[in-house]
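A.B. asks: Each residue of the sequence shown is one higher than the last, beginning at 1 in full-length UniProt numbering. To start, I am sharing the structure in question, which I have written as C-alpha cells.
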Amino acid sequence: MTAVIGFLTGLFAAVDPSLLVALQSGVGAVGGAVFDALLWLLDQWYWLMDWAYYLTDLEMLNPRYRFMHRAVLVGLCVGVMAPLIGTFLVHRQLALIGDALAHTGFAGVAVGLFLNAVLDLGVSPYLTAVVVAMIAALFIELISETTDAYNDVSMAIVLSTGFALGTTLISLNAGGLAVGVNQFLFGNLSTVSPQSAAILLVLFGVIVATVTLTRNQLLYVTFDETAAAVSGIPVNWYNRVMVMLTAMVVVGAMQIMGVILVAAMLVVPVAGATQVSRSFSESLVVSVVLAELAVLLGISVSYYAGVTAGGVIVLVAVGIYVCAVALGKVQRARSSQATPETGSIEVDDADIGTGASGD
C-alpha cells in the first residue's frame, strides 16, 4: 500500500505539482472532517458522563476528570472488541497470538516515538502501533503459509522480532525516547488523550462492522477449515482478516491494559464464557458481558485504590473466570444428561448460517 501511494504521489508530482497539492489538501480535509466528527462524539460522551455523575455522585465521573471519562469509554469499547475477536481465536487455538501482536504493537509505539523525536512528525504512537501490528499479523500468516512452521513458531518469531525492535529503538534514547515508556508497558488511565480515544473509536467501528459482515465465513473457517475451503471460501484471506482484526484490538486495548497484560482480555473472558455456554453465539454474548464487568470493576478499583488499571482488570477477569468454572460445575451436576456438557461449545445452524454466503 505504501508503495502504491508513493507511486501515485510521484505520478501526480511529475504530471502537475498542483494536482499533488490538491490531493494532499483533499486527504487532509477528509481526515480533519473525520477527526472533528469523532471529537463531537467524545463531547456527547462527556455530556453523558456528566449526567451519570450528577445521578450517582461517583467521584471518578466528576466533570473535571475528562481523562477518566475517556478511560471508561476506551474500556467499554475494549470490553466488546476483545471478546468479539477472542472468541474466534480461542476456538482456533490461537490464544497466544494476542501476546505476540502486543509485543509488535510495542515496537510500533517505539517507531512512533522515534520518528517524532528524530523527524518531529507529531504522529500518534498508537497510530504507528496499529500499522506495525497489522504488518506483523500478516507476517505471522505468511510464515505459516509459506513454511512448515506451526502457528506457535511463527508467533514466537514475530513476538521476539517485534520486542527486539522496540527495545532497540527505545535504547537509542533519541530526544528522551525512553521517558514515559512505562505507560505503554503497563497502561495508564490518565494518558488516554482525545486523539488516542478517537483512534480507538475508529478501530472499534472497523472491527464490529467487519465481524458483522463476515461472521458466517469466519465461524465456518474457525470450526472446519477444510470444509470451508471445499465450499469455496478463501480460507487464507479470512485468516488474514482475523489476525489483522486481532492487531487492531491489541493496539486499542494497549491504552489501558499495557503491552504486558493486553492479551488477557482476548482470552480470559472467553474462557469463562465457555464454562457456562452451550453454543458459540451464547458464548460470544456472555464473554462480552464478563469482559465489560471486569473492565468497569477494574477501572473503578484502580481509580479509588491508586493502582495500575491493567493489572486490576486482569485480576478481576480471572476472579470472574474462577466463578464461571464453579458455576459450570454446578450446572453439569444438575443436568448430567445435557448434551454437550457445559464447557464445550456446540455449533448449530443458527451459529454458522450458510457458511459461504456473501462470497
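Built from N, CA and C at the ideal position, the CB exists for glycine as well. Being a predicted model, the structure only gives us computed values, none of them experimental.
1. Evaluate contact between the segment 133–144 and the segment 187–195, counting only Cβ atoms and requiring at least three cross-stretch pairs below 8 Å.
2. Among the residues of its own chain, which have a CB less than 6 Å from the CB of Ala-110, if the five just before and after it don't count?
3. What does the alpha-carbon distance come out to for the pair Val-30 and Leu-121?
4. Along the chain, which unbroken stretches of the beta strand (DSSP E) at least 3 residues long are found entirely within the segment 87–128?
5. Using a Cβ-Cβ cutoff of less than 8 Å, which residues in the same chain neighbour Leu-39 once the five nearest sequence positions on both sides are dropped?
6. Got a sec? Which residues, its chain only, sit under 7 Å from Arg-92 by beta carbon, not counting five neighbours each side?
7. Work out the CA separation of Thr-87 and Val-238 for me, nearest whole Å.
8. Does the Cβ of Ser-160 have 16 or more other Cβ atoms within 10 Å, making it buried, or fewer, making it exposed?
9. Starting from the C-beta of Leu-96, find all residues in its chain whose C-beta is less than 8 Å away, skip the five residues before and the five after it, and write them out in chain order.
10. Keeping to the same chain, check which residues put their C-beta closer than 8 Å to that of Arg-240; ignore five residues upstream and five downstream.
11. To the nearest angstrom, report how far apart Gly-272 and Ala-117 are at their CA atoms.
12. Grouping DSSP H, G and I as helix and E and B as strand, with all else coil, what is Ser-279?
13. In angstroms with no decimal places, state the Cα-to-Cα distance between Tyr-217 and Ile-143.
14. Does the distance from the C-beta atom of Tyr-220 to that of Met-60 stay below 8 Å?
15. Is Tyr-53 buried or exposed, if buried means 16 or more other CB atoms sit within 10 Å of its CB?
16. Taking the alpha carbon of Ala-309 as the reference point, which residue from Val-259, Thr-146, Gln-331 and Gly-328 has its own alpha carbon closest?
17. How long is the line joining the alpha carbons of Val-325 and Val-90, rounded to whole angstroms?
18. In chain order, what residues of the same chain lie with their CB nearer than 7 Å to the CB of Leu-73, ignoring the 5 residues before and after it?
19. Closer than 7 Å by C-beta to Ala-294: which residues in its own chain qualify, once you throw out the five before and the five after it? Chain order, please.
20. Going by C-alpha to C-alpha distance, which of Met-134, Asp-43, Pro-83 and Leu-94 sits closest to Arg-70?
21. Taking the Cβ atom as the reference point for each residue, do Pro-83 and Ala-291 lie within a distance shorter than 8 Å?
22. Taking the alpha helix (DSSP H) that Ala-227 falls in, what are its first and last residues?
23. Decide if Ala-37 is buried, meaning its Cβ has at least 16 other Cβ atoms within 10 Å, or exposed.
24. Residues in the same chain with beta-carbon distance under 8 Å from Leu-185, minus the five sequence neighbours each way, listed in chain order, please.
25. According to DSSP, simplified to helix, strand and coil, what is Val-21?
26. What residues in its chain sit with their C-beta under 8 Å from that of Met-248, if we drop five residues either side in the sequence?
C.D. replies: According to the data block:
1. no
2. Counting from 1 along the sequence shown, the entry for residue 110 is found at position 110. Within the same chain, Ala-110 has close Cβ partners Gly-166, Leu-169 and Ile-170.
3. Against the sequence shown, residue 30 aligns to sequence position 30. Against the sequence shown, residue 121 aligns to sequence position 121. In this prediction, Val-30 scores a pLDDT of 48, lower than 50, which makes its location untrustworthy; the coordinate-derived value is nonetheless stated afterwards. Roughly 19 Å separates the two Cα atoms.
4. none
5. The residue labelled residue 39 in the question sits at position 39 within the sequence shown. Cβ neighbours of Leu-39 beyond the five flanking positions: Pro-194 and Ala-198.
6. In the sequence shown, residue 92 corresponds to position 92, counting from 1. Taken in chain order, the residues that qualify are Thr-222.
7. One-based indexing of the sequence shown puts residue 238 at position 238. One-based indexing of the sequence shown puts residue 87 at position 87. Correcting the residue type first, residue 238 is Tyr in the shown sequence and not Val. Rounded to whole angstroms, Tyr-238 to Thr-87 spans 15 Å at the Cα level.
8. For this step, residue 160 is matched to residue 160 along the sequence shown. Its Cβ having fewer than 16 others within 10 Å, Ser-160 is exposed.
9. Residue 96 sits at position 96 when you count from the first residue of the sequence shown. So the qualifying residues of the chain are Asp-152, Met-155 and Ala-263.
10. For the purposes of this step, residue 240 is taken as the residue at position 240 of the sequence shown. Excluding sequence neighbours, Arg-240 sits near Ala-137, Leu-138 and Glu-141.
11. One-based indexing of the sequence shown puts residue 272 at position 272. One-based indexing of the sequence shown puts residue 117 at position 117. If you take the alpha carbons of Gly-272 and Ala-117, they lie about 43 Å apart.
12. By 1-based counting over the sequence shown, the position of residue 279 is 279. Ser-279 falls in the strand class under three-state DSSP.
13. Against the sequence shown, residue 217 aligns to sequence position 217. Against the sequence shown, residue 143 aligns to sequence position 143. Here residue 217 turns out to be Gln, not Tyr, going by the sequence shown. Their Cα atoms are separated by approximately 23 Å.
14. In the sequence shown, counting from the first residue as 1, residue 220 sits at position 220. In the sequence shown, counting from the first residue as 1, residue 60 sits at position 60. Taking 8 Å as the Cβ cut-off, Tyr-220 and Met-60 do not qualify as a contacting pair.
15. By one-based count along the sequence shown, residue 53 stands at place 53. Buried is the call here.
16. What you label residue 309 is simply residue 309 of the sequence shown in a count that begins at 1. Among Val-259, Thr-146, Gln-331 and Gly-328, the Cα nearest to that of Ala-309 is on Val-259.
17. Reading the sequence shown from its first residue, position 325 is the one you call residue 325. Reading the sequence shown from its first residue, position 90 is the one you call residue 90. Going from the Cα of Val-325 to the Cα of Val-90 covers about 16 Å.
18. Position 73 of the sequence shown, counted from the start, is the residue given in the question as residue 73. Closer than 7 Å at Cβ, skipping near neighbours: Trp-45 and Ala-197.
19. As a first step, residue 294 is located in the sequence shown; it is residue number 294 there, counting from the start. Around Ala-294: Pro-269, Ile-313, Val-316, Ala-317 and Ile-320.
20. Translated into positions along the sequence shown, residue 70 becomes position 70. Of the listed residues, the one whose Cα sits closest to Arg-70 is Asp-43.
21. Against the sequence shown, residue 83 aligns to sequence position 83. Against the sequence shown, residue 291 aligns to sequence position 291. Contact flag set, yes.
22. Taking the sequence shown and counting its residues from 1, the one referred to as residue 227 is at position 227. From DSSP, the alpha helix (DSSP H) with Ala-227 extends over 225–230.
23. Numbered from 1 along the sequence shown, position 37 holds the residue referred to as residue 37. The residue is exposed, with fewer than 16 neighbouring Cβ atoms inside 10 Å.
24. Residue numbering aside, residue 185 sits at position 185 when the sequence shown is read from its first letter. For Leu-185, where only same-chain residues beyond five positions count, the Cβ hits under 8 Å are Phe-106, Gly-258, Val-259 and Ile-260.
25. On the sequence shown, residue 21 is found 21 positions in, with the first residue counted as 1. With a pLDDT of only 45 at Val-21, under 50, the local geometry of the prediction cannot be trusted, and the value read off the model is given with reservation. Val-21 falls in the helix class under three-state DSSP.
26. Position 248 of the sequence shown, counted from the first residue, corresponds to residue 248. The answer, listed in chain order, is Met-81, Val-130, Ala-133, Met-134, Leu-203, Val-206 and Ile-207.
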